[in-house]
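Enquirer:
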Amino acid sequence: MDARQPGPVADSLDRRIISALQIDGRASWHRIATALGEAERTVVRRGTRLLDSGLVRIGAMALHGRSTVVGVRCAPGQARVAASALARRSDCVFTHVLTGSPDCVAELLCPREQLPSLVMDELPGLPGMVETFTLPVLRHIRTIREWHSGLLTDDEIAALARLRPSDHSASPSPPSSGDVPSSSAEDVLPPADMAHGISRPDRLLLNALAEDGRCTYEELGRVAGVSEATARRRLGALRREGRVRIRAVIEPALLGLPVEAMLWVRAAPAKAEAVAAALADSVHVRYASFVTGERQILVLAALPSESALYDFVTRGPWLRDVASVDTSLVIGSLKRGGMLARRARD
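Under the UniProt record's numbering, the sequence shown has 95 at position 95, and the numbering climbs by one with no breaks.
1. Please classify residue 370: is it buried, with 16 or more other beta-carbons within 10 angstroms of its beta-carbon, or exposed?
2. Here's the rule: buried if 16 or more other CB atoms are within 10 angstroms of the residue's CB, otherwise exposed. What is Asp103?
3. Does Ser12 come out as helix, strand or coil in the three-state DSSP assignment?
4. Could you tell me if Ala270 is buried or exposed, where buried requires 16 or more neighbouring beta carbons within 10 angstroms of its beta carbon?
5. Taking the beta strand (DSSP E) that Arg266 belongs to, which residues open and close that run?
6. In chain order, which alpha helix (DSSP H) runs of at least 4 residues are fully inside the segment 291-322?
7. At which residues does the beta strand (DSSP E) containing Ile157 begin and terminate?
8. Is the CB-CB distance between residue 359 and Ala323 below 8 Å?
9. Just checking, does the segment 252-260 make contact with the segment 300-308 on the three C-beta pairs under 8 Å criterion?
10. At which residue ranges does the UniProt domain "HTH asnC-type" (202-258) contain complete alpha helix (DSSP H) runs of 4 or more residues, listed in the order of the chain?
11. Excluding the 5 residues flanking Leu329 on each side, which residues of the same chain have their C-beta closer than 6 Å to its C-beta?
12. Determine which residues share a DSSP beta bridge with Asp326 and list them.
13. Leaving out the 5 sequence neighbours to the left and right, which residues in its chain are closer than 7 Å to Ile18 when beta-carbon positions are compared?
14. Kindly identify the DSSP beta-bridge partner or partners of residue 350.
15. Quick check: the segment 286-296 against the segment 132-146, are at least 3 beta-carbon pairs closer than 8 Å?
16. Since Thr134 is in the beta strand (DSSP E), which residue starts that stretch and which ends it?
17. Can you tell me the Cα-Cα spacing of Glu146 and Glu113, whole angstroms?
18. Looking only at its chain, what residues have a beta carbon closer than 6 Å to the beta carbon of Ser12, apart from the 5 residues adjacent to it on each side?
19. With distances taken Cα to Cα, identify the nearest neighbour of Ser199 among Ser53, Ala62 and Gly54.
20. Alpha carbon to alpha carbon, what distance is there between Pro252 and Arg31?
21. Report the rounded CA-to-CA distance for Glu294 versus Met339, giving the unit in angstroms.
22. Counting only the same chain and skipping the five closest in sequence on each side, list residues whose C-beta sits under 8 Å from that of Gly337.
23. So does the segment 115-132 actually touch the segment 69-81, counting three or more Cβ pairs closer than 8 Å?
24. In three-state DSSP terms, what is His168?
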């Protein structure tokens, strides 16, 4: 639970730069400046300051396995312990500590064939746990990987969202000649890992990006044991195939949204799709998924104030077809976007 304050975020331009990095964490400063219509020198200075502050981190997340939401009710004083154990799992996407019940909630990427082992063998061993429940995700409505805060225009988002391999170098040095290098013996990578369909060099590359999503292709090649050109080509392929997303991982407070809440939404089955569509229209909905259980939709929302949260859960247009909403405040986050919070790492 990171108590640091968003001091380095000075104004709306800082927040717009953060929003751009949420769309593409490896976009060059030149590309971000062009999309935002700002001077490149200004964007370089501000963007570097934001990254150096540690409040904005760029991470990569490999997308494999099926999402399962895990809720945990803990013994008194044990919520941090149980949440930390969940957050330190390599398959954990996010872990939040909540008011009310459950005490903490996490999303895990768990292949369905491994779900019995998760439920019967792994979760019962969580320290401090009194009761757990598992909710396999049937369909994502929106994930943190797709959320935008509403600070950028559609044209700015479109300019940043286009995948252009030559634009993704985080290094100030010029990119290697050619976006797709000619084949060589070094370009032939070992067979894919049978568990996740990812080769060993690709996994090494992704591990490096998980720590620093803007590390250079030279660094990626050195870690993965391939050439810089091969690292560029492989990362481009992984991104085009949708196997990895690279974006800024932040506290929503940096964007002026300090109040987070987890909502458990129940609707009549025939109305659930309409509720989902209405939720997807809200910039305050950071995450929403159809899950199993008596409440079909799980929502993570971020808002500017508790009064705004009150309006959202009592007057929002998405409530028209909702039967009930249970609301819990997020009082601490140990992991976001697959990246541990600093205090959780210490």
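Beta carbons: idealized from backbone N, C-alpha and C, even for Gly.
Expert: So, to answer that:
1. Nothing about residue 370 can be reported from this structure: the residues present for the chain run from 1 to 346 only.
2. buried
3. helix
4. exposed
5. Val259 to Ala267
6. 306-315
7. Counting along the chain, Ile157 falls outside any beta strand (DSSP E), though it belongs to the alpha helix (DSSP H) covering Asp154 to Ala161.
8. Shown here, the chain extends from 1 to 346; a query on residue 359 therefore has no answer.
9. yes
10. 217-224 and 228-240
11. Thr99 and Ala261
12. Trp264
13. Leu50, Val56, Ala248, Ile250, Leu254 and Leu255
14. Not covered by the structure: residue 350. The range shown for the chain is 1 to 346.
15. yes
16. Met129 to Arg142
17. 27 Å
18. none
19. Ala62
20. 24 Å
21. 30 Å
22. Gly59, Met61, Val93, Phe94, Ile144, Arg145, Arg247 and Val249
23. yes
24. Low per-residue confidence applies at His168: pLDDT is 37, beneath 50, and the placement is therefore not dependable, though the value from the model is reported in the following sentence. Reduced to three states, the DSSP call for His168 is coil.
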